[in-house]
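Okay, so here's the structure we're looking at.
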Amino acid sequence: MKIDASPVTASRLSLSTSQENPGIASSTRATTPISRNEPETQSSMMLNDAKAELKTLSEVDNDKVNALKTAIREGNYPVDCEQLSHAMREFFAR
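Numbering (numbering that gives the first Met the number 0), first residue to last: 0 to 93.
In structure tokens, the structure reads:
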């Protein structure tokens, strides 16, 4: 058996029916070319840029957290303990 190392593309794939090859289901379809050497598309470059930017951002808005802590400590932020405890029970019951 000869092994072909060239990239697999949709044009090289042929659809088989169950009559041509009973071991392969008739729903086999050619897919997008499998090639790792293709240049990046504009959308993939944008996605990579967005991912890089997200890595630089904090997952927590520390300024907002500190403002809320200060408001609670100074009594300027009403906390409904009953509602908070209910929400915590619901969250941890999952």
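Positions of the beta carbon are idealized from the N, C-alpha and C atoms, including for glycine.
On a predicted model such as this, the values are computed, not experimentally measured, just so you know.
| query | Skipping 5 residues on each side, what residues in its chain have a beta carbon closer than 6 Å to that of proline 21? | reply | Confidence at proline 21 is low in this model, with a pLDDT of 49, below 50, so its placement is unreliable and the value that follows should be read with caution. If we look at proline 21 and ignore the five residues flanking it on each side, it has no Cβ neighbours.
| field | serine 84 (DSSP reduced to helix, strand or coil) | value | helix
| Excluding sequence positions up to five away, which residues of its chain have a Cβ less than 8 Å from the Cβ of valine 59? | none
| task | Report, in whole angstroms, the separation of the C-beta atoms of valine 64 and isoleucine 71, which I expect to be a contact under 8 Å. | result | About 11 Å separates the two Cβ atoms, so there is no contact after all.
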